[in-house]
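Working notes for the structure below.
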Amino acid sequence: MKEKVDAVIVGAGPCGLFQVFELGLLGMTAHVVDALPNIGGQCFELYPDKPIYDIPGIPVCSAMELVDRLLEQIKPFDPVFHLDQQVTELSPTENNRFNVRTGKDVEFDSAAVVIAGGVGSFQPRALRIQGVERFVDKQVFYRVQDVTLFRDRDVVVLGGGDSALDWAVELVEDVRSLTLVHRSKDFRAAEATVERMKQYVADDKMRFMVGNATDLTVNDNRMTEVHITQPNREVERLSAEYLLVFFGLSPRLGPIATWDLGLQRNQVITDTEKFETNIPGIYAIGDIAVYPGKKKLILSGFHEAALAAFAIKERLNPGEKVHLQYTTTSTLLQERLGVSNAERN
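Just so you know, we're using the numbering used here here: the sequence shown kicks off at 281 and counts up by one.
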């Protein structure tokens, strides 16, 4: 049975969550679909504990703290989340709405669709070693969710980008041993982080090796060593209770690529008034949206969500002016937010 909703939001990252808020303020309902099994998008998957410093009014918070605050903010609007599934079908209907279906056969009759899918659905680039699959999310990790797991353990980090070096310098003080392995001495990380890593190496707190992981040692069904093949073809075995792999992501638009949207380098082209795509009623916000002057900032995505919400309200009520109201003074908005009379007074 189809669920009739005002908007389906594709993506449960910060921008998708804030889109729920902006729609809710204007009295609209939203369902959120995400291919990941958890709310939070890339923040949850890639850097849940990393500090963010450029959210207005919040000097610093972790990525997951930001997601938690956004979830708290949208509670009054009772959004419904459909996780671990993608929107697989999207088609316009005769009454100027959309039929939307997910891979788990959840179906919506929606007035609008907002694509807030970051870089699209993505998968970490995998470590190509025979037999490694059975250790994934046990001893081999493509993302860090619980830093306490590695305390006083032998950890090997693979990669040379921001994620690899960020986590190497973040964990080095708490682990028993840490070795960073990269295929060359050239890094794709922030210069300041590279310098911190080099200082830890100079102080013998961390080891750096040039090479590639090519095999594992397994004893009693547990990984105990990772084999590193060096440029001279010599192989060194490193003690490894945990292996953190950061080879980057392979972004994929997935089914979005089949929706006849205007695309530019795997991003969805929008205008800058409504953040509407070439298909009326379909909007794009956050990193997946592109337009002249686009900046990939969470702040920009929040701005885009606000204007998209006003555009969707106008779509639902053609010919009616949508008045701008302020949460500090509007009794209607405060009622929608669940602000009590005592709080208002």
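Virtual Cβ for every residue (Gly too), placed ideally from N, Cα, C.
Since the structure is predicted, the reported quantities are computational estimates derived from the model, not experimental observations.
Are Ala629 and Glu283 close, meaning C-beta to C-beta below 9 Å? The structure shown does not extend to residue 629, since the chain is modelled only from 281 to 625, so the question has no answer here.
Could you check which residue in Gly304, Leu541 and Ala392 has the C-alpha nearest to that of Leu350? Counting from one through the sequence shown, the residue named residue 350 turns up at place 70. Selected option, being the one with the closest Cα: Gly304.
Beta bridge counterpart(s) of Met503 as assigned by DSSP: In the sequence shown, the residue the question calls residue 503 occupies position 223. Val498.
Using DSSP's beta-bridge definition, name the partner residues of Leu524. Numbered from 1 along the sequence shown, position 244 holds the residue referred to as residue 524. Per DSSP, Phe421 and Val437.
Can you grab the Cα-Cα spacing for the pair Leu543 / Ile536, in whole Å? Residue 543 sits at position 263 when you count from the first residue of the sequence shown. Residue 536 sits at position 256 when you count from the first residue of the sequence shown. Each residue's Cα considered, the two are about 10 Å apart.
Am I right that Thr509 and Thr494 are in contact with their C-beta atoms under 8 Å? What's the rounded C-beta distance? Here residue 509 is taken as the residue at index 229 of the sequence shown, counted from 1. Here residue 494 is taken as the residue at index 214 of the sequence shown, counted from 1. Contact flag correct, Cβ pair sits at about 4 Å.
Whole angstroms is fine: what's the gap from Gly398's alpha carbon to Leu533's? As a position in the sequence shown, residue 398 is number 118, starting the count at 1. As a position in the sequence shown, residue 533 is number 253, starting the count at 1. Looking at the two C-alpha atoms, the distance is approximately 10 Å.
Quick one: Cα of Ser464 to Cα of Gly491, how far? In the sequence shown, counting from the first residue as 1, residue 464 sits at position 184. In the sequence shown, counting from the first residue as 1, residue 491 sits at position 211. In this model, Ser464 and Gly491 are separated by some 7 Å (Cα to Cα).
Selected residue, minimal CA-CA separation from Asn501, among Val515, Val380, Glu387 and Glu413: On the sequence shown, position 221 is the one that residue 501 refers to. Ranking Val515, Val380, Glu387 and Glu413 by Cα distance to Asn501 puts Glu413 first.
What did DSSP end up calling Val452 once you bin it into helix, strand or coil? Numbered from 1 along the sequence shown, position 172 holds the residue referred to as residue 452. Three-state DSSP puts Val452 in coil, outside helix and strand.
Just the Cα atoms here: how many angstroms apart are Glu553 and Gly320? Counting from 1 along the sequence shown, the entry for residue 553 is found at position 273. Counting from 1 along the sequence shown, the entry for residue 320 is found at position 40. Taking the straight line joining both Cα atoms gives about 27 Å.
My output table needs one value for Ala537: the three-state DSSP class, helix, strand or coil. Position 257 of the sequence shown, counting from 1, holds the residue named residue 537. Three-state DSSP puts Ala537 in a helix.
Looking only at its chain, what residues have a beta carbon closer than 6 Å to the beta carbon of Gln365, apart from the 5 residues adjacent to it on each side? As a working note, residue 365 is residue 85 in the sequence shown. For Gln365, where only same-chain residues beyond five positions count, the Cβ hits under 6 Å are Thr382, Gly383 and Lys384.
Are Ile549 and Tyr522 closer than 9 Å when you measure CB to CB? If you number the sequence shown from 1, residue 549 lands on position 269. If you number the sequence shown from 1, residue 522 lands on position 242. Against a cut-off of 9 Å, the Cβ pair of Tyr522 and Ile549 comes out as no contact.
Rounded to whole angstroms, what's the CA-CA distance from Val437 to Val515? Just pull it up for me. As a position in the sequence shown, residue 437 is number 157, starting the count at 1. As a position in the sequence shown, residue 515 is number 235, starting the count at 1. Cα to Cα, the separation comes out at about 17 Å.
State the beta-bridge partners of Thr639 as determined by DSSP. Nothing can be reported for residue 639, as the shown portion of the chain is limited to 281 through 625.
Taking only runs of the alpha helix (DSSP H) that begin and end inside the segment 529 to 606, which ones reach a length of at least 4 residues, in chain order? 578 to 596
Inter-residue spacing [alpha-carbon to alpha-carbon] between Arg595 and Gly441: Mapped onto the sequence shown, residue 595 falls at position 315. Mapped onto the sequence shown, residue 441 falls at position 161. When rounded, the distance between both Cα atoms is 43 Å.
How do the segment 343 to 357 and the segment 308 to 327 stand: do at least 3 beta-carbon pairs fall below 8 Å, yes or no? yes
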